[in-house]
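S.K.: If you read the protein sequences in the order shown, they are chains P and A.
The opening residue of the first sequence carries number 11 in my numbering; numbering runs sequentially from there.
The opening residue of the second sequence carries number 405 in my numbering; numbering runs sequentially from there.
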Amino acid sequence: MPVSIDLLTSDILWPLALLLAWVGGEFGYRWLGLPRISSYGITGFLLAQSQFGFLPNPSGGPVASLADFAFALILFELGYRINLRWLRANPWLGVTSLVESAATFVAVFAVARLFGVELAPSLLLAALAMATSPAAILRVANELHGAGQVTERTLHLSAFSCLLTVVAFKVIAGYWVLSSAGGFFEAIWASVVVVAVSAGLGALFGVLVAGLLRQTDNPGHAATIVFALAVLLLTTLTTAFKFSPLLAAIAFGMVARHRRVVLTPAQRNFGVLGDLLTVLLFVFVAATIDWRQVVVGIELALAVVAARLLSKTAATTAFARLSGITWRKGFLTGLALTPQSVFVILLLEQSRHLDIGWVSDMAGLAALVLLLEIIGPLVTRWALLRAGEAHPARRG
Amino acid sequence: MPLEPFKTSAALSMGVELELQLVNPTDFDLTAASSDMLFLLERASFPGDVKPEITESMIEIATDVHIRHGALLEQLRRMRDALVRAGDRLNVGLCGGGTHPFQRWFDQRIFAKPRFEEISVLYGYLAKQFTVFGQHVHIGCPSADEALYLLHALNRYVPHFIALSASSPYSQGVDTLFDSARLNSVFAFPLSGRAPFILQWAKFEADYFAKMETTGVVKSMKDFYWDIRPKPEYGTIELRVCDTPLSVERAAAIAGYFQSLCRMLLAREEPAPVEDDYLVYHYNRFQACRFGLDGIMVHPRTHQNISLREDILATLRCLAPHAAVLDAQAALDEIHDVARSENHAQWLRRLGQVSGPAGMVEGAVSRFRKGAEK
Numbered sequence: 011m012p013v014s015i016d017l018l019t020s021d022i023l024w025p026l027a028l029l030l031a032w033v034g035g036e037f038g039y040r041w042l043g044l045p046r047i048s049s050y051g052i053t054g055f056l057l058a059q060s061q062f063g064f065l066p067n068p069s070g071g072p073v074a075s076l077a078d079f080a081f082a083l084i085l086f087e088l089g090y091r092i093n094l095r096w097l098r099a100n101p102w103l104g105v106t107s108l109v110e111s112a113a114t115f116v117a118v119f120a121v122a123r124l125f126g127v128e129l130a131p132s133l134l135l136a137a138l139a140m141a142t143s144p145a146a147i148l149r150v151a152n153e154l155h156g157a158g159q160v161t162e163r164t165l166h167l168s169a170f171s172c173l174l175t176v177v178a179f180k181v182i183a184g185y186w187v188l189s190s191a192g193g194f195f196e197a198i199w200a201s202v203v204v205v206a207v208s209a210g211l212g213a214l215f216g217v218l219v220a221g222l223l224r225q226t227d228n229p230g231h232a233a234t235i236v237f238a239l240a241v242l243l244l245t246t247l248t249t250a251f252k253f254s255p256l257l258a259a260i261a262f263g264m265v266a267r268h269r270r271v272v273l274t275p276a277q278r279n280f281g282v283l284g285d286l287l288t289v290l291l292f293v294f295v296a297a298t299i300d301w302r303q304v305v306v307g308i309e310l311a312l313a314v315v316a317a318r319l320l321s322k323t324a325a326t327t328a329f330a331r332l333s334g335i336t337w338r339k340g341f342l343t344g345l346a347l348t349p350q351s352v353f354v355i356l357l358l359e360q361s362r363h364l365d366i367g368w369v370s371d372m373a374g375l376a377a378l379v380l381l382l383e384i385i386g387p388l389v390t391r392w393a394l395l396r397a398g399e400a401h402p403a404r405r406g
Numbered sequence: 405m406p407l408e409p410f411k412t413s414a415a416l417s418m419g420v421e422l423e424l425q426l427v428n429p430t431d432f433d434l435t436a437a438s439s440d441m442l443f444l445l446e447r448a449s450f451p452g453d454v455k456p457e458i459t460e461s462m463i464e465i466a467t468d469v470h471i472r473h474g475a476l477l478e479q480l481r482r483m484r485d486a487l488v489r490a491g492d493r494l495n496v497g498l499c500g501g502g503t504h505p506f507q508r509w510f511d512q513r514i515f516a517k518p519r520f521e522e523i524s525v526l527y528g529y530l531a532k533q534f535t536v537f538g539q540h541v542h543i544g545c546p547s548a549d550e551a552l553y554l555l556h557a558l559n560r561y562v563p564h565f566i567a568l569s570a571s572s573p574y575s576q577g578v579d580t581l582f583d584s585a586r587l588n589s590v591f592a593f594p595l596s597g598r599a600p601f602i603l604q605w606a607k608f609e610a611d612y613f614a615k616m617e618t619t620g621v622v623k624s625m626k627d628f629y630w631d632i633r634p635k636p637e638y639g640t641i642e643l644r645v646c647d648t649p650l651s652v653e654r655a656a657a658i659a660g661y662f663q664s665l666c667r668m669l670l671a672r673e674e675p676a677p678v679e680d681d682y683l684v685y686h687y688n689r690f691q692a693c694r695f696g697l698d699g700i701m702v703h704p705r706t707h708q709n710i711s712l713r714e715d716i717l718a719t720l721r722c723l724a725p726h727a728a729v730l731d732a733q734a735a736l737d738e739i740h741d742v743a744r745s746e747n748h749a750q751w752l753r754r755l756g757q758v759s760g761p762a763g764m765v766e767g768a769v770s771r772f773r774k775g776a777e778k
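What follows is the structure, given as C-alpha cells:
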C-alpha cells in the first residue's frame, strides 16, 4: 500500500533528522570541540531537500510552531537573566548597547547600499543585523558553564539588541507596508501596536505566573513546568493574534525575574525539554536555507559579517574601561555577540502575514544565516574560552 | 625554612580579615567573579586590602591595624561601600555567611595562582569543599611567649566566638541542623584543630615546629589550620573559628569583644591555662557549632554545665572595665544584643524555611548592603 508507506516515511523524516543531528552534535563536540548547535545546523542544512537530503522546507508547518516554542523558552530564560538594575548602576552598559546596535545598523546599511540593494531591503537587513541571537549564546554559555563579565555582558547586550531589532524591524516593515500596498492603519498596526501589545502580554504573564508560584508551596520544582507551559500558551496566543512571540517571551522573562521567583540552577536550559527543543530549533533554521540562495548572496553576506563584527567589537571595546572591564574583555564581548541566525529566521517566519515574504529571498540573507549559524557559536565559544570564563572541566 | 622570628606588635592592636561570597543576582548561586572584581577594585583606591581566595567566587578583604573598635568599624564600612559599588557595576552580589547554602563544591573554580593550585592538587575535593567563608581576627601581642599564653588562655572562650558569629546553617542545599556547618569542613583538614600545649616560644620552635618541619608535612605556619594560631610575621595571634557574619557591623563587634577579652586575659585576671583544659575543648566546640547560643558547654575547671548564652552574658559583665579603657563599649552592646536574641545562623534558618536556600542568599545580600544605601 504505497499511500501508507508514503505517510510513514514522511512522518519519520523529522524524528530521524533530529536523531542524526543529535548524534552529529555529540561526536562533533567530542572529536572536534565543535559547539553542539553548530553540528545541529550543519546536519539540518545538509538534510534539507534543497541540498542532498530528504527534509522538505519546514516554513509555516507544525515544525515551525515547535521551533517558535523552543526559541520562546530560550528568550524567556534570557529575559529572566536580565537585571535591569544593572543598567542604572552602570549606565555605560546601556550606552554600549545603543552604540553597538546603532553602529551595526549604519555599517550594514552602508554595505548593502554599496552592493546595490534597494532602500527598503537595505533598511530591513540593517535592522536584522543588529540582533545577536540569544539561542546560540545561551547554549554555548551553559555548555561551558560560563561565568564572568564577558558572559554576563554578552547575554545582556544580546537581549537589548533583540528588543531594538524587533522594534526597528516592525517600524520599517510597517513603513514599507504603508508606502507600497496597504493603508495607514495597517502600517500602524504592524509596528507600534504590535510592539506594545506583545510586550504588555508578556509582562502580564510575568505578573500572573509569579503570583501563582508564590501561592504554591514548592516554588523550586514547580517553576520549571509552570514557566514552560506559560511560555507555550503565550507563544500560541501571540502567534494566533499576529503579535510578536519573541518580544512577549523576553518581556515575560524580565517581569517574572523582577517579580522575584528564583530559578534554581538545575533549571537552566529548561532541563531535558530545553535540550530536545534546541536540537529541533537549530535543525529547523538550517533546513529553511537553500544552497542556491547561499551561492547568490555570498559576497554580500561576507561583507555584512565583516561590517557587523567590526562595529560590534569597536563599540564594546571603546566603552570597556568606562563600564568597568579590561579592553581585552570588551573586545571579546564584541566577538561573542556574533551569532544571529535563529533570531532572524524566526522573526521573518513570524512576519509572513505582513506580506513581506520577499525578504526571506533577499540577496545575502540565506548566506548570512548559514554562515553565522555555523560560525557564530564557534566564535562565541572561542571568546568565552579566551576570556577564561569557561569552567575548567568544560573546556574540552 | 625555619620559623621566622616573632615580630613584636602593639599590644591589643587588631586587624580583621573577611572572606566574602560573590553571587549571581539571578539565581543567587556562587559566581566566578573575583578576577573581574579585583580588576575594578585595583583601579580605584580601595580603602584597605583586597585579595583573591582559593576559589574564583570568593574575595578576601583585610583592614589595617587598629587600636579602637570605632576606627575599625569605620574602615570596614568604607570597604563594604566600595565593594558594593564595584559589585553593582559588574552585576555581582556580595554577602557574608560561613557557607553558601546550595552551591555544589564540584562547580567551583580554583583561582589561578601557584599556591592555590598546589593546595587543590594536594587536597583534591577537600580544597573545593573548602569553599567556606570565615572571619579572622588578629590581636597584637607584646612578645612571643605572651602570644602563646594568650592563645591557650582563650581555649575556654573559643565556643563564644563560634556561637556569636555562626552563619552557616545550610550546606549543599540542606539544613545541616548546625549553626556553623562551616567548621565541619575546616575540620576535615589533617592539620586543623588546636595548637599543641606549649607556652614558651623557644620550646614551640625547637620541640614542635622544627620536628614537624623535618617530617616534611609542613613548611610554614600557613600550613596549620588551627582554631587559633600564632602569626610570627605580624606578631599576632589569629582567631580563625568565626564564620563571616552577614554585616560588617557584626564583624567589628566580634573583633571588639575579642580585643576586650584578650585584655582581661593578659592582665592575668584568671588562673593560667593548663593542658587539661583541653579535655572538654572539642566537646564544647561541637556544642557551639551544633546549637549555637543554645549550646551547653562544660566548664574546664569546675566541670559544671553552663549555657553558652549565660556564659557570654557573664563574660560581658567582667569585660566592662576593659572595654571602657579600650573604647569598645559599642561592640559589647551589640554582642549583648546578640546573646539576648539570636545569631545570624538562626536568622538565616528562619528565612530559609520561608523562602528557600536562594531566598537566604538574597536576604544575606541585602543585609550586607544595608548601611551602604543609607
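Quick reminder that beta carbons are idealized off the backbone N, C-alpha and C, glycines included.
On a predicted model such as this, the values are computed, not experimentally measured, just so you know.
(1) Can you give me the start and stop residues for the beta strand (DSSP E) that glutamate 544 of chain A sits inside?
(2) What residue range does the beta strand (DSSP E) around threonine 348 of chain P cover?
(3) Nearest chain A C-beta to glutamate 383 of chain P closer than 9 Å, yes or no?
(4) Pull the bridge partners of glutamate 423 of chain A from the DSSP assignment, please.
(5) May I ask you to list, following chain order, the residues of the region 150-162 of chain P that have a beta carbon less than 8 Å from some beta carbon of chain A?
(6) What is the DSSP secondary structure of serine 596 of chain A, counted as helix, strand or coil?
(7) Three Cβ pairs or more, each shorter than 8 Å: is that satisfied between the region 623-639 of chain A and the region 586-600 of chain A?
(8) Which two residues bound the contiguous alpha helix (DSSP H) that contains lysine 322 of chain P?
(9) Might you give, ordered along the chain, the residues of its own chain that have their beta carbon closer than 7 Å to the beta carbon of proline 546 of chain A, omitting 5 neighbours on each side?
(10) Taking leucine 88 of chain P as the reference, give the member of P:His268, P:Val315, P:Val305 and P:Ser333 with the closest Cα.
(11) With a cut-off of 9 Å, does the C-beta of isoleucine 335 of chain P fall near any C-beta of chain A?
(12) If you pair each beta-carbon of the region 669-679 of chain A with each one of the region 642-651 of chain A, do three or more pairs fall below 8 Å?
(13) What does the alpha-carbon distance come out to for the pair arginine 484 of chain A and lysine 774 of chain A?
(14) Output needed in chain order: residues of the region 385-402 of chain P with a Cβ under 8 Å from some Cβ in chain A.
(15) So that I know if they touch, is there some Cβ in chain P lying closer than 9 Å to that of aspartate 611 of chain A?
(16) Please decide whether isoleucine 458 of chain A counts as near chain P, where near means a Cβ-Cβ distance under 9 Å.
(17) Based on Cα-Cα distance, which residue from P:Leu347, P:Leu283 and P:Ile308 lies nearest to threonine 327 of chain P?
(18) Please state whether DSSP places threonine 390 of chain P in a helix, a strand or coil.
(19) Tell me which residues share the same chain as alanine 400 of chain P and place their Cβ nearer than 6 Å to its Cβ, disregarding the 5 neighbours each side in the sequence.
(20) Could you check the C-alpha separation between tryptophan 392 of chain P and glycine 398 of chain P for me, to the nearest Å?
(21) Is it the case that the region 578-594 of chain A contacts the region 521-538 of chain A, given that we only count it when at least three CB pairs across the two stretches are under 8 Å?
(22) On the three-state DSSP scale, how would you describe serine 711 of chain A?
(23) Which residues bound the alpha helix (DSSP H) around glutamate 521 of chain A?
(24) My assumption, with CB atoms under 8 Å, is that threonine 53 of chain P sits in contact with arginine 318 of chain P. Please give the rounded CB distance.
(25) So who's on the other strand from tyrosine 356 of chain A, going by DSSP bridges?
(26) Are the beta-carbon atoms of asparagine 559 of chain A and tyrosine 687 of chain A separated by less than 9 Å?
(27) Kindly indicate which residue of P:Phe81, P:Trp41 and P:Phe37 has the alpha-carbon position closest to the one of alanine 440 of chain P.
(28) Use the C-beta contact count for asparagine 93 of chain P: other C-beta atoms within 10 angstroms, 16 or more gives buried, fewer gives exposed.
(29) Taking 9 Å as the cut-off, decide whether the C-beta atoms of leucine 388 of chain P and proline 45 of chain P are in contact.
(30) Have a look at proline 12 of chain P and aspartate 21 of chain P and give me their C-alpha separation to the nearest angstrom.
(31) Shortest alpha-carbon distance to glutamine 479 of chain A belongs to which of A:Gly501, A:His542, A:Gln750 and A:Asp453?
(32) So is serine 770 of chain A buried or exposed if we call it buried at 16+ other beta carbons inside 10 Å?
(33) For the region 90-107 of chain P, enumerate the residues whose C-beta is nearer than 9 Å to any C-beta of chain A, in chain order.
(34) How many Å lie between leucine 717 of chain A and valine 684 of chain A at the Cα?
(35) Let me see if you follow: with CB-CB separation under 9 Å, is aspartate 485 of chain A close to chain P or not?
(36) Going by beta carbon distance, what residues of the same chain come within less than 6 Å of glutamine 750 of chain A, once the five residues before and after it are set aside?
M.R.: Reading it off the structure:
(1) Start at 1 with the first residue of the second sequence, and residue 544 of chain A comes out as number 140. First, the amino acid is wrong: residue 544 of chain A is glycine here, not glutamate. Taken as a continuous stretch (DSSP letters only), the beta strand (DSSP E) holding glycine 544 of chain A covers 538-544.
(2) The residue labelled residue 348 of chain P in the question sits at position 338 within the first sequence. For threonine 348 of chain P, no beta strand (DSSP E) segment is defined, and its DSSP state is neither H nor E.
(3) Position 373 of the first sequence, counting from 1, holds the residue named residue 383 of chain P. With 9 Å as the cut-off, glutamate 383 of chain P does not count as an interface residue toward chain A.
(4) The residue given as residue 423 of chain A occupies position 19 in the second sequence. Residue pairing for glutamate 423 of chain A: DSSP places it in a beta bridge opposite A:Glu464.
(5) Residues His155, Ala157, Gly158, Gln159 and Glu162.
(6) Position 192 of the second sequence, counted from the first residue, corresponds to residue 596 of chain A. Strand, per DSSP.
(7) yes
(8) In the first sequence, residue 322 of chain P corresponds to position 312, counting from 1. Looking at the DSSP string, the run of the alpha helix (DSSP H) that includes lysine 322 of chain P is 301-328.
(9) Start at 1 with the first residue of the second sequence, and residue 546 of chain A comes out as number 142. These residues qualify, in order along the chain: Thr412 and Ala415.
(10) On the first sequence, position 78 is the one that residue 88 of chain P refers to. Measuring from the Cα of leucine 88 of chain P, the nearest candidate turns out to be P:His268.
(11) Here the question's residue 335 of chain P lines up with position 325 in the first sequence. By this cut-off, isoleucine 335 of chain P is an interface position.
(12) no
(13) Residue 484 of chain A sits at position 80 when you count from the first residue of the second sequence. Residue 774 of chain A sits at position 370 when you count from the first residue of the second sequence. Computed Cα separation, rounded: 10 Å.
(14) Result list: Gly398, Glu399, His401 and Pro402.
(15) Your numbering for residue 611 of chain A matches position 207 in the second sequence. Chain P, which has no Cβ nearer than 9 Å to the Cβ of aspartate 611 of chain A, makes this no.
(16) Here residue 458 of chain A refers to the residue found at position 54 when the second sequence is read from its first residue. Not one chain P Cβ lies under 9 Å of isoleucine 458 of chain A.
(17) Residue mapping note: residue 327 of chain P aligns to position 317 of the first sequence, counting from 1. Checking every option, the nearest Cα to that of threonine 327 of chain P belongs to P:Leu347.
(18) Taking the first sequence and counting its residues from 1, the one referred to as residue 390 of chain P is at position 380. DSSP places threonine 390 of chain P in helix when its eight states are reduced to three.
(19) Here residue 400 of chain P corresponds to residue number 390 of the first sequence, with the count starting at 1. Within the same chain, alanine 400 of chain P has close Cβ partners Leu154, Gly156 and Leu394.
(20) By one-based count along the first sequence, residue 392 of chain P stands at place 382. By one-based count along the first sequence, residue 398 of chain P stands at place 388. Approximately 10 Å, taken between the alpha carbons.
(21) yes
(22) Taking the first residue of the second sequence as position 1, residue 711 of chain A is located at position 307. Strand, per DSSP.
(23) Counting from 1 along the second sequence, the entry for residue 521 of chain A is found at position 117. 518-527 is the span of the alpha helix (DSSP H), which, as asked, contains glutamate 521 of chain A.
(24) On the first sequence, position 43 is the one that residue 53 of chain P refers to. On the first sequence, position 308 is the one that residue 318 of chain P refers to. So it is not a contact: roughly 25 Å between Cβ atoms.
(25) This structure gives no information on residue 356 of chain A, because the portion of chain A shown stretches from 405 to 778.
(26) Position 155 of the second sequence, counting from 1, holds the residue named residue 559 of chain A. Position 283 of the second sequence, counting from 1, holds the residue named residue 687 of chain A. No, Cβ-Cβ distance for asparagine 559 of chain A and tyrosine 687 of chain A is not below 9 Å.
(27) What is shown of chain P runs 11 to 406, which leaves residue 440 of chain P out entirely.
(28) Along the first sequence, read from residue 1 onward, the residue named residue 93 of chain P stands at position 83. The residue is buried, with at least 16 neighbouring Cβ atoms inside 10 Å.
(29) One-based indexing of the first sequence puts residue 388 of chain P at position 378. One-based indexing of the first sequence puts residue 45 of chain P at position 35. Yes.
(30) Walking along the first sequence from the start, residue 12 of chain P turns up at place 2. Walking along the first sequence from the start, residue 21 of chain P turns up at place 11. Residue placement at proline 12 of chain P cannot be trusted, given a pLDDT of 49 that sits under 50; what the coordinates show is reported in the next sentence. Looking at the two C-alpha atoms, the distance is approximately 14 Å.
(31) Along the second sequence, one-based indexing puts residue 479 of chain A at 75. Measuring from the Cα of glutamine 479 of chain A, the nearest candidate turns out to be A:Asp453.
(32) Position 366 of the second sequence, counting from 1, holds the residue named residue 770 of chain A. Classification for serine 770 of chain A: exposed.
(33) Tyr90, Arg91, Ile92, Asn93, Arg95, Trp96, Arg98, Ala99, Asn100, Trp102 and Leu103
(34) Within the second sequence, numbered from 1, the residue matching residue 717 of chain A stands at position 313. Within the second sequence, numbered from 1, the residue matching residue 684 of chain A stands at position 280. Approximately 21 Å between the Cα atoms of the pair.
(35) Indexing the second sequence from 1 puts residue 485 of chain A at position 81. Nearest CB-CB separation between aspartate 485 of chain A and chain P: not below the 9 Å threshold.
(36) Here the question's residue 750 of chain A lines up with position 346 in the second sequence. The answer is none, since no qualifying residue turns up.
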